[in-house]
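S.K.:
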Ligand SMILES: [Zn+2]
Ligand SMILES: [Zn+2]
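Residue numbers (my numbering): 275 to 498.
1. Going by beta-carbon coordinates alone, are residue 470 and residue 278 separated by less than 7 Å?
2. Could I get the ranges of all uninterrupted beta strand (DSSP E) runs contained in the region 362-418, with 3 residues as the minimum, in chain order?
3. Between residue 369 and residue 295, which are expected to be in contact by the criterion C-beta below 8 Å, what is the C-beta distance as a whole number of angstroms?
4. Kindly provide the chain-ordered list of residues whose Cβ lies closer than 5 Å to any non-hydrogen atom of ligand 1.
5. State yes or no: is the C-beta of residue 436 within less than 7 Å of the C-beta of residue 448?
6. Since residue 450 contacts residue 457 with CB under 8 Å, what's their CB separation in whole angstroms?
7. So, helix, strand or coil for residue 485, using DSSP?
8. May I have the straight-line CA-CA distance separating residue 281 from residue 475, to the nearest angstrom?
9. On the DSSP letters alone, give me the boundaries of the beta strand (DSSP E) that residue 341 sits inside.
10. Quick check: the Cα distance between residue 276 and residue 452, rounded to an integer number of angstroms?
11. Indicate the three-state DSSP secondary structure (helix, strand or coil) for residue 436 in the structure shown.
12. Going by DSSP in three states, residue 309 sits in which element: helix, strand or coil?
13. Are the beta-carbon atoms of residue 446 and residue 330 separated by less than 7 Å?
14. Taking the alpha helix (DSSP H) that residue 469 falls in, what are its first and last residues?
15. Are residue 393 and residue 384 close, meaning C-beta to C-beta below 7 Å?
16. Pull the bridge partners of residue 480 from the DSSP assignment, please.
17. Taking 8 Å as the cut-off, does the region 340-354 touch the region 309-324 (at least 3 CB pairs, one atom from each stretch)?
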């Protein structure tokens, strides 16, 4: 799995625009020439989902969803569009862990409390109970990462039933992520990644965070 980085902002982090890339005219997954369809790749840089935030005078105000939307048409044949769509993970890791983990943390915490674990207002009086409570909170969130990975494995298996023998991977052929300066493109097909790099005079590097794009994006994300 290889990655290409392209600038959408200058060194002072001022947005200069969507990187205009030349995409070689072969399917980005299986490599067949002149595909008649495209995979629409979207990346919203500096994404803020919106929500209630502080305003002047100690009141709250609704901050609308913001972000810089970028779109690219990546050549991709019809069968590869199908497996890319079938294997698409429906949930983001970040929101799965937050939305799943917080309710189960309170539920599990309540059960532990009812069982008499760490129920003393002076936590230091029961160090073993405190350790159990902290271990439970950590394990709770780790478990939700595991649930998210299981869903991802299931979706890839679902997509794998639609691949052709020439396909590089059941997933979408390219995934995007961004920080304040660069958009990162992670390719499943190494040969296609080299082709894009060559066609645009860009460097190629290993895609280390492909399975964890949220980690790489965290620095440039305003959680709202
Ligand atoms: Zn294809
Ligand atoms: Zn394919």
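Glycine included, every Cβ here is placed at the ideal spot set by N, Cα and C.
None of the values given here were measured: they were computed from a predicted structure.
M.R.: So, from the data block:
1. Residue 470 sits at position 196 when you count from the first residue of the chain shown. Residue 278 sits at position 4 when you count from the first residue of the chain shown. In this structure, residue 278 lies closer than 7 Å to residue 470 by Cβ.
2. none
3. The residue labelled residue 369 in the question sits at position 95 within the chain shown. The residue labelled residue 295 in the question sits at position 21 within the chain shown. So it is not a contact: roughly 29 Å between Cβ atoms.
4. 301, 303, 304, 351, 354
5. Numbered from its first residue, the chain shown carries residue 436 at position 162. Numbered from its first residue, the chain shown carries residue 448 at position 174. No, the Cβ-Cβ distance between residue 436 and residue 448 is not below 7 Å.
6. Mapped onto the chain shown, residue 450 falls at position 176. Mapped onto the chain shown, residue 457 falls at position 183. Sure, about 6 Å apart at Cβ, within 8 Å.
7. Your numbering for residue 485 matches position 211 in the chain shown. With a pLDDT of 48 at residue 485, under the threshold of 50, the modelled position of that residue is not reliable, and the figure given next carries that caveat. Reduced to three states, the DSSP call for residue 485 is coil.
8. Translated into positions along the chain shown, residue 281 becomes position 7. Translated into positions along the chain shown, residue 475 becomes position 201. One C-alpha to the other measures close to 12 Å.
9. One-based indexing of the chain shown puts residue 341 at position 67. Its beta strand (DSSP E) spans residues 340-349.
10. Locating residue 276 in the chain shown gives position 2, where the first residue counts as 1. Locating residue 452 in the chain shown gives position 178, where the first residue counts as 1. Rounded to whole angstroms, residue 276 to residue 452 spans 15 Å at the Cα level.
11. Working through the chain shown from its first residue, we reach residue 436 at position 162. Coil at residue 436, not helix or strand.
12. Numbered from its first residue, the chain shown carries residue 309 at position 35. Three-state result, residue 309: coil.
13. For the purposes of this step, residue 446 is taken as residue 172 along the chain shown, with counting starting at 1. For the purposes of this step, residue 330 is taken as residue 56 along the chain shown, with counting starting at 1. Cβ atoms of residue 446 and residue 330: not closer than 7 Å.
14. Locating residue 469 in the chain shown gives position 195, counting from the first residue. 464-474 is the extent of the alpha helix (DSSP H) around residue 469.
15. The sequence position of residue 393 within the chain shown is 119, counting from 1. The sequence position of residue 384 within the chain shown is 110, counting from 1. No; because the gap between Cβ atoms is not below 7 Å, this pair is not in contact.
16. Indexing the chain shown from 1 puts residue 480 at position 206. The partner list for residue 480 (beta bridge, DSSP) reads 276.
17. yes
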